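All remarks here apply to the structure that follows.
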Amino acid sequence: MKKKNKNTNHKSQISPDVKSGSRPKRRENLKIVVVIPTYNEKDNIEDLVGQILDLKIKGLNIIIVDDNSPDGTGQIAERLKSEIRSKKSGINLDVIHRKGKQGIGTAYAAGFKKALKGGADYIISMDADLSHNPKDIPGLLCKARQGYDLVLGSRYVKGGAMLTKWNRRILSHLANLFVRIFLTLPIHDCTAGYKCYSRKFIEFLDFDHIDSVGYAFQVEMVYNVKNNGFSYIEIPIIFNDRNNGGSKLDGREITTSTKAIFKIAYRYKWWCRPVKFIITKTKNFLF
Ligand SMILES: Nc1nc2c(ncn2[C@@H]2O[C@H](COP(=O)(O)OP(=O)(O)OP(=O)(O)O)[C@@H](O)[C@H]2O)c(=O)[nH]1
Ligand SMILES: [Mg+2]
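For the sequence shown, this note's numbering assigns the number -8 to the initial residue and increments by one for each residue that follows.
In structure tokens form, the structure reads like this:
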């Protein structure tokens, strides 16, 4: 993390606006951008986009980041883009086409950068497989408008749930436990993907210094929010199993993400200092 935090409330969990009870200035024409990474989501993407549009949220736009999905998701996204444009509803759907599968983390980074360039005030991240219910978007936005830099759709706070197969639930619980202990994060759902970020936080990030290519990206974002004194809140969501298509979370992704978590700890955690010291001394001695 190169840039200095512009947030005056460095160590606080709640931004000054939220803490004092005063609301941030209300602006008309706020721009909300929903970023959706896709890889082989042909049976989900149209339904998801339709459900988002049905919410009729003013100022809402969508960016799909597709990694040249072999099942043609990218082409479906292009068709949806033209259909939405022809309706002249004021809603924009943009598609970023990347050459091949490059990981969910870099897909989000690409989408977030584009959203910033386009003037987004709030950026929402969500999966394409309908595990995240679009009906939760107004709830996320409501808290974001109260001044929270991260509103996290959480499966593990009161009222939240994960309605998936038992093995997926165990994996998620283990991953969360590992991250919470290892990175000492007091957040219940560190691996959640359904989030709303403030422009202030996304602008603060230096994407060149985000290490996680894959699923650990979610953890790295939460870590950056907490570690840099940005405000956050968890709100309950119900996470459903995907109905169509297959998961991309395989053994390789789990190994890569675990390594990325170790890398975050190595970079930021005080108890890694002795390890760093030994490695540096050994390197100096050998080379
Ligand atoms: N662009 C892009 N999108 C990806 C990539 N990997 C996963 N995704 C998308 O990221 C979202 C989450 O992936 P999922 O496979 O649903 O992973 P998950 O939700 O953790 O796992 P399940 O609960 O098993 O579905 C989906 O919209 C995927 O299509 C990738 O490498 N590139
Ligand atoms: Mg999923």
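Glycine is no exception: its CB is placed at the ideal position from the N, C-alpha and C atoms.
For clarity, every value in this text was computed on a predicted model and none was experimentally measured.
- Inclusion of Arg233 in the 8 Å shell around ligand 2 follows from its C-beta lying nearer than that to a non-hydrogen atom of the ligand.
- Placement of the Cβ of Tyr206 at a distance of less than 8 Å from at least one heavy atom of ligand 1 is found.
- Following the DSSP letters along the chain, one finds Lys104 inside the alpha helix (DSSP H) bounded by residues 95 to 108.
- The three-state secondary structure of Glu74, taken from DSSP, is helix.
- For Ser122, the shortest C-beta to heavy atom distance toward ligand 2 is below 8 Å.
- Take the alpha-carbon of Asn235 and the one of Asp241: they are about 17 Å apart.
- In the three-state reduction of the DSSP assignment, Tyr206 falls in the coil class.
- Secondary structure at Phe278: coil, using DSSP grouped into helix, strand and coil.
- Arg136 and Asn275 have their C-alpha atoms some 51 Å from each other.
- Boundaries of the beta strand (DSSP E) harbouring Leu51: 51 to 57, taken from the DSSP string.
- Rounded to whole angstroms, the separation of the alpha carbons of Asn124 and Leu162 is 21 Å.
- Taking a contact to require three or more Cβ pairs closer than 8 Å, the segment 153 to 172 and the segment 189 to 199 do not qualify as touching.
- Comparing alpha carbon positions, the residue from Cys181, Ser122, Ile87, Cys187 closest to Leu131 is Cys187.
- Just so you know, the alpha carbons of His179 and Val142 end up roughly 13 Å apart.
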